[in-house]
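Line by line, the protein sequences are chains D and A.
The first sequence runs contiguously to residue 831 in the numbering used here.
The second sequence runs contiguously to residue 1282 in the numbering used here.
Backbone N, C-alpha and C fix where the C-beta goes; we use that ideal spot for every residue, glycine too.
Quick caveat, the model's predicted, so the values are computed rather than measured.
Reviewing the structure listed below.
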Amino acid sequence: MDDPDLTPALRRELAELEAISFVAHRDAGAALAALTEYGEAAALAWLRAARTLFEHDRDAGKAYIRGSAEVAEAAGELLPWVERMLRFAQWRGSWRAVEGAMEHLAPAYRLLGRAGALAWLDLGLLWCGRGLEAGAAYFAQPVATLMGPSGDVTALRALLAPAEALYGERRLPLAIYLAGAPRARDLLGADALAVWARRGADVLQAGRLRGEAYFRLESEESRDVLLQHLPGYRLPEHRRVLGLVLAAWLGEAYELRVSEWSPEQGRPFVETDGAALYVPAAMAQREEAWLAVLHAAGHLRFDGCERGAIDELHRRADLAQPSLDADRRVTWRPLFAPYGADMVRFQLIFDLCEDHRIDAALARVIPNYLPRLLAAARAANVPEGPAGAYFRAAAQGLEALAQGGGGMLAVLAQSSATLVDAWALAQELYDEGSFPPMTLAQRAAAYLPWRGPNAARAVYPRARSGARAEDAVDASQPQPAEPSSAGRKDRPEAGDERELDTLAEQTAGSGGRVGAGVPQPARFAARVRAAAVGVQGLPYAEWDYRESAYKARWAWVQERTLSERDETGAQACLARHAPVLARLKRALQAQQPRRPAPRRRQWEGDELDLDAALEFIAERKAGLAPKPAVYRQRRLLQRDASVLLLADLSTSIMQPAAAGGRVVDSLRAAMLLFAESLEAVGDPYALCGFASKYRDGVSFYTLKDFDQPLTADVRAQLGGLSGRLATRMGAALRHAVTRFDGRCARQLLLIVSDGRPADYDDGGDERYLMEDTRMAVKEAVDAGVHPFCLTLDAGGTDYLPRVFGPGHYLVLDRIEALPQKLPEIYLRLRR
Amino acid sequence: MKSLIQRLRGVERDIVQTPPEGGDAPYYEAQGGEAELFEAAYRKRLPVMLKGPTGCGKTRFLEYMAWKLKRPLVTVACHEDLTAADLVGRFLLEGEQTVWQDGPLTRAVKAGAICYLDEIVEARTDTTVVIHPLTDHRRQLTLEKKGVEIDAHEDFMLVISYNPGYQTVLKDLKPSTKQRFVAIAFDYPAEDVERRILANEVPDLAPDLVQKLVAVGRRARVLKDHGLEEGTSTRALVYAGQLLSAGLAPLDACRAALVVPATDDPELAEALMEILAAHFPQ
């Protein structure tokens, strides 16, 4: 074992090591051979460090000795790192950290250079000082992972900065943090990483398992935070503009939904299922995102999912008919199945052809579309490997199109080309065999920046848009056998409606009734639960007409929030009623609460109305007897009013309406328009709803309070409004009255209902809750609040005059008119 | 002859003016059979209602018809504070005496002019009471304050305009008023007509710019139901064309004439700019 080249000092040191461990001595001797070239002093220092580490911890020493040759080779030096490794000896049980450090030190030198590697080591030692667990976790991570794609130490510092801050504040364990932080940093960049980490620390404090899952990027919360902070162009924030532009270019409104894409799935694509467009949470560039959305909408607009064409493809493939999934969507799989293992290749060729057809069609409609495509294609890097062939073919197709035709895809640029033509050409190209085989993993790179796999989702077949098309579309094409809108009709929610159709029954006059049956005395005693423990909310008295007395603390109101949200529904609803809203708004502008214009022709006032005065004198002289209303009032018009809209959210609003749709659809639209109109007027307003089950369960939902702004969330709540339970109106009324703060002189409580008050425990005694409501109305008036009821119950005239008083109610015979009427009625009332 | 008219600009003129004999016709591009319809209504002295969005050529049409029928045109732009007295007339003081002064409607009735009440819904409701007897077989105007009735001149004709977009919750013509009129519906002109209009109104505009402007306008009108309160009017396109011919860059001209006046909604403006950018690449 004794090497004759070694100096006596080294030999001595080695001999001492032998006394401790044979293995250490053997390994060190082997390593020394490579280390002596750095000078005797350095080698000696190394050997002493080896002994120190070995004496401190056998495993640490072994790892150190075994890894050294490689590290030395990568580093080209010994002393700086040896000196740092020696510091591990100050901690008991540091062997895992040493093992990790020795394993990754050589790559660190190679990747980061001398300064970077030493900085890496120093940072690790710092963390070891905070806790060996943290140090071990740090050194367990490959250097490349820690550094990220940029590969320098600043990236590492950026990665550790949030961990350091959170360690200082909340002792966030580095081991947990590092599980997902490098990936999060790579995806989000350094700035958003801090937000992600802080949120994670919160989650971790709430529960360890949840927190760990968060930091491993496995929980939904983590994914949400990631998506919210993804750099690049965030499409969900621009859905409305995109929708508007699509409507302008293509003449159709498409729904844009956010897809389930998350960054670890690789490149984001805009997809369609034949009914809606699915946009990813973010795309790198605005231009790329816009082109992708236009392109995907082009698939819908230019019959990429057209029923007739899809049927034809199936006929050609000798398939009897398209196979439908549970939602009656057509899946593409059977069409591609014959290509077996080569499916990806054919799919790509088909996408190449079909995408070219779509882009050519879009270029005919949108003047700058083709130049933008070309610019994007030229700016993109052509992928290496087989994907490049597809990428180049697609780009060349567009270049040829820009130069006025030619090329193998030229036939698809004609306005008469269809999905079937694209398929046929794809088959030809496939049979030629000039495109290289592909694997699924390589596929994403083969698409031009704005394109993506067309068969990514099963599609709802669409009716042909030929009738609306501005381009000449061959009229001899067979018309779809199914009626138009078939694609939409087949959707599951429509299925629910069909079921409801069978339940269609006359609901007028009894809407809201749930406790059906033979009228019998109300069973109050049966519901003793109210007085029991666990009662929540606020108690209100209820009027019992038979006793002519109040039942104290009888009905219990709980404030709840609605959980359903439907933002796209709300937007679609507003778009549908845009003309009505525009008209309303214009009328409202004339009604701003503080009209600065002075009032003319008043009987009294601060100054003369010159016109009126002249007229008065002139008419007097002419021998007439004019009225002396010749004053002008400088006082501003004070028409301050506040309104609380209280909607009956009982089950009955889910009933189908006579004119199609459901009652709730009109209610949603009405409340949305009401809110938008009131925003225009500027009066303080609140939006509330109520439902009840038994006297101890009156739910009061505040969608928007007086001093709350009308946010997207409020709109989403309105869009997602749905019915539940029954209508204990009196209690809800009493509670609503307490919401007024007396800020405005006139306080209006606008109740929108579709039936008379009823609840499960009223025993079928219609009069009981009605009388109670009547008393609640009286109480409200005493409190300075004016209730007004708007009902959809055609039989309302029977009882509403008694409950609300004549002139304080309105029966709406056409539910569809509600959206327009509701704001109008308010305006009429506030005059 | 045009110079004569031009010389008359900026000069005080009586509101009842017969169009000068043999003068140039005001430029009007027919969209359909509206001129024939109007002439037929005029022959039978039926009151006419012009319906249509702002800036689609209602007022210009009437100027043209007045010229063609050689009748004076009295235009009253109605506003919120317009009362019946403003239309019919009122007593004025003059020295120690009071003098009755005819309003524009009274003068038109007497002179046999075409009286055009623009945006009638904006006026106070009492004005509609005044025009009712003028619109049926009586063809009479009652001056209540003076206690007289005037039988309309046999050439007198009443025309009102009415923008359905303006039809508000609170302001709408009563059905009893509406059904007294023969209505002509206007809409934005067809594409080729609109091109001719633009080329005529802005003679030095290059044909490709005309074509692009018209294309932009037609695209923007699609957005009407998506938040744009009024479609892009032909008048706005003419303004954009004039800014262009005055040397402004296309995008700036269109933003100033078509986008900023049309909407305050930033997203809608962005969408409109996107359409503009597509037609006018920088």
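### Message
Let me check understanding here. Comparing Cα to Cα, which of Phe-346/D, Asp-765/D, Leu-132/D, Pro-107/D lies closest to Arg-546/D?
### Response
Numbered from its first residue, the first sequence carries residue 546/D at position 546. Of the candidates Phe-346/D, Asp-765/D, Leu-132/D, Pro-107/D, the one whose C-alpha sits nearest the C-alpha of Arg-546/D is Asp-765/D.
### Message
Count Cβ pairs between the segment 1069 to 1084 of chain A and the segment 1110 to 1123 of chain A that sit closer than 8 Å; are there 3 or more?
### Response
The segment 1069 to 1084 of chain A, when compared against the segment 1110 to 1123 of chain A, does touch it at the 8 Å Cβ threshold.
### Task
Using a Cβ-Cβ cut-off of 9 Å, state whether Glu-312/D counts as contacting chain A.
Here residue 312/D refers to the residue found at position 312 of the first sequence. Not closer than 9 Å to any Cβ of chain A, the Cβ of Glu-312/D fails to qualify, so no.
### Message
My assumption, with CB atoms under 8 Å, is that Ile-410/D sits in contact with Ala-400/D. Please give the rounded CB distance.
### Response
The count along the first sequence starts at 1 and reaches residue 410/D at position 410. The count along the first sequence starts at 1 and reaches residue 400/D at position 400. The displayed chain sequence assigns Ala, not Ile, to residue 410/D. For Ala-410/D against Ala-400/D, the beta-carbon gap comes to about 7 Å, under 8 Å, which counts as contact.
### Query
What residue does the alpha helix (DSSP H) around His-577/D start on, and which one ends it?
Here residue 577/D corresponds to residue number 577 of the first sequence, with the count starting at 1. From DSSP, His-577/D is part of no alpha helix (DSSP H); its letter is neither H nor E.
### Query
Roughly how many whole angstroms lie between the Cα atoms of Glu-354/D and Gly-266/D?
The sequence position of residue 354/D within the first sequence is 354, counting from 1. The sequence position of residue 266/D within the first sequence is 266, counting from 1. The alpha-carbon atoms of Glu-354/D and Gly-266/D are separated by roughly 23 Å.
#### Entry: Amino acids of chain D, ordered along the chain, whose beta-carbon sits closer than 7 Å to that of His-1279/A
Locating residue 1279/A in the second sequence gives position 279, counting from the first residue. Going along chain D in sequence order, the residues near His-1279/A (Cβ under 7 Å) are Pro-367.
### Task
Please decide whether Glu-615/D counts as near chain A, where near means a Cβ-Cβ distance under 9 Å.
One-based indexing of the first sequence puts residue 615/D at position 615. By this cut-off, Glu-615/D is an interface position.
### Where Arg-715/D falls, given that 16 or more other Cβ within 10 Å makes a residue buried
The sequence position of residue 715/D within the first sequence is 715, counting from 1. With 16 or more other Cβ atoms inside 10 Å of its own Cβ, Arg-715/D counts as buried.
### Query
Quick one, which residues of the segment 1259 to 1275 of chain A are near chain D if we go by CB-CB under 7 Å, in chain order?
Sequence-ordered contacts of the segment 1259 to 1275 of chain A with chain D read Glu-1267, Leu-1268, Glu-1270, Ala-1271, Glu-1274, Ile-1275 [C-beta pairs closer than 7 Å].
### Task
Compile a chain-ordered list of the residues in the segment 1098 to 1109 of chain A whose CB is closer than 9 Å to at least one CB of chain D.
Cβ contacts with chain D come from Thr-1098, Val-1099, Trp-1100.
### Query
Under a Cβ-count criterion, where at least 16 other Cβ atoms within 10 Å of its own Cβ denotes burial, should Gly-29/D be classed as buried or exposed?
Within the first sequence, numbered from 1, the residue matching residue 29/D stands at position 29. Its Cβ being crowded by 16 or more others within 10 Å, Gly-29/D is buried.
### Query
Which of the three DSSP states, helix, strand or coil, is assigned to Met-438/D?
Here the question's residue 438/D lines up with position 438 in the first sequence. Coil at Met-438/D, not helix or strand.
#### Entry: Coil, strand or helix - Tyr-254/D by DSSP
Along the first sequence, one-based indexing puts residue 254/D at 254. Reduced to three states, the DSSP call for Tyr-254/D is coil.
### Task
Check Pro-801/D in the structure and name its three-state DSSP category.
Position 801 of the first sequence, counted from the start, is the residue given in the question as residue 801/D. Correct three-state label for Pro-801/D: helix.
#### Entry: Glu-771/D beta carbon less than 9 Å from that of Asp-544/D
Taking the first residue of the first sequence as position 1, residue 544/D is located at position 544. Taking the first residue of the first sequence as position 1, residue 771/D is located at position 771. Cβ distance < 9 Å, so Asp-544/D and Glu-771/D count as in contact.
### Message
Out of Arg-48/D, Pro-628/D, Met-102/D, Tyr-38/D, which one is the CA nearest neighbour of Glu-18/D?
### Response
Position 18 of the first sequence holds residue 18/D. That would be Arg-48/D, whose Cα lies nearest to the Cα of Glu-18/D.
### Task
Run down chain A in chain order and give the residues with a C-beta less than 7 Å from the C-beta of Val-643/D.
The residue you call residue 643/D lines up with position 643 of the first sequence. Contact of Val-643/D with chain A by beta-carbon distance below 7 Å is absent, the smallest such distance being about 16 Å.
### Message
Along the chain, where does the alpha helix (DSSP H) containing Trp-332/D start, and where does it finish?
### Response
Position 332 of the first sequence, counted from the first residue, corresponds to residue 332/D. The continuous stretches of alpha helix (DSSP H) do not include Trp-332/D, and DSSP gives it neither H nor E.
### Neighbour flag for Val-1238/A against chain D, beta carbons, 9 Å
Your numbering for residue 1238/A matches position 238 in the second sequence. Among the residues facing chain D, Val-1238/A is not included, as its CB has no counterpart in that chain under 9 Å away.
### chain A contact for Leu-812/D (CB, 9 Å cutoff)
Position 812 of the first sequence, counting from 1, holds the residue named residue 812/D. Between Leu-812/D and chain A, the shortest Cβ-Cβ separation is not below 9 Å.
### Query
For chain D, is any of its Cβ atoms less than 9 Å away from the one on Lys-1044/A?
On the second sequence, position 44 is the one that residue 1044/A refers to. No, no contact with chain D.
### Short CB-CB distance (under 9 Å) between Gly-719/D and chain A
For the purposes of this step, residue 719/D is identified with residue 719 of the first sequence, where counting begins at 1. So, not an interface residue.
### Query
Can you name the residues that DSSP bridges to Val-785/D?
Residue 785/D sits at position 785 when you count from the first residue of the first sequence. In the DSSP output, where bridge partners are listed per residue, Val-785/D has Gln-747/D.
### Task
Could you tell me whether the Cβ of Trp-249/D comes closer than 9 Å to any Cβ of chain A?
What you label residue 249/D is simply residue 249 of the first sequence in a count that begins at 1. True, the Cβ-Cβ gap to chain A drops below 9 Å.
### Query
Are Leu-352/D and Leu-374/D closer than 9 Å when you measure CB to CB?
Within the first sequence, residue 352/D is the residue found at index 352, counting from 1. Within the first sequence, residue 374/D is the residue found at index 374, counting from 1. Not closer than 9 Å, so no.
### Query
Would you call Leu-1223/A buried or exposed, if buried means 16 or more other Cβ atoms sit within 10 Å of its Cβ?
For the purposes of this step, residue 1223/A is taken as residue 223 along the second sequence, with counting starting at 1. A residue is called buried when at least 16 other Cβ atoms come within 10 angstroms of its Cβ; Leu-1223/A meets this threshold and is buried.
### Task
Would you check if the distance between the CB atom of Ser-1233/A and the CB atom of Pro-1053/A is smaller than 9 Å?
Along the second sequence, one-based indexing puts residue 1233/A at 233. Along the second sequence, one-based indexing puts residue 1053/A at 53. In this structure, Pro-1053/A lies closer than 9 Å to Ser-1233/A by Cβ.
### Query
Among Ser-1245/A, Val-1259/A, Leu-1198/A, Ile-1160/A, which has the Cα closest to the Cα of Met-1049/A?
Translated into positions along the second sequence, residue 1049/A becomes position 49. It is Ile-1160/A whose Cα lies nearest to the Cα of Met-1049/A.
### Task
Verify the CB distance criterion: does Phe-1061/A have a CB-CB separation below 9 Å to chain D?
One-based indexing of the second sequence puts residue 1061/A at position 61. It does not; no Cβ of chain D falls within 9 Å.
### Query
Going along the segment 1119 to 1153 of chain A in order, which residues come within less than 7 Å of chain D, judged by CB to CB distance?
Within the segment 1119 to 1153 of chain A, those residues whose Cβ lies closer than 7 Å to any Cβ of chain D are, in chain order, Lys-1145.
### Leu-256/D versus Gln-403/D, Thr-331/D, Ser-650/D, Leu-235/D, residue with shortest Cα-Cα distance
Counted from its first residue, the first sequence places residue 256/D at position 256. It is Leu-235/D.
### Same chain, Cβ closer than 7 Å to Gly-1055/A, neighbours up to 5 away in sequence not counted
Looking up residue 1055/A in the second sequence gives position 55. Here the set comprises Ser-1233, Thr-1234, Arg-1235, Ala-1236.
### Query
Can you tell which of Leu-718/D, Lys-585/D, Gly-131/D has its C-alpha closest to the C-alpha of Cys-835/D?
Residue 835/D is absent from the structure shown; chain D starts at 1 and stops at 831.
### Task
Please report the residue range of the alpha helix (DSSP H) in which Ile-1160/A lies.
In the second sequence, residue 1160/A corresponds to position 160, counting from 1. Secondary structure note for Ile-1160/A: it is in no alpha helix (DSSP H), and the uninterrupted beta strand (DSSP E) holding it is 1157 to 1162.
### Task
Classify Phe-139/D as helix, strand or coil using the three-state DSSP reduction.
Counting from one through the first sequence, the residue named residue 139/D turns up at place 139. Three-state result, Phe-139/D: helix.
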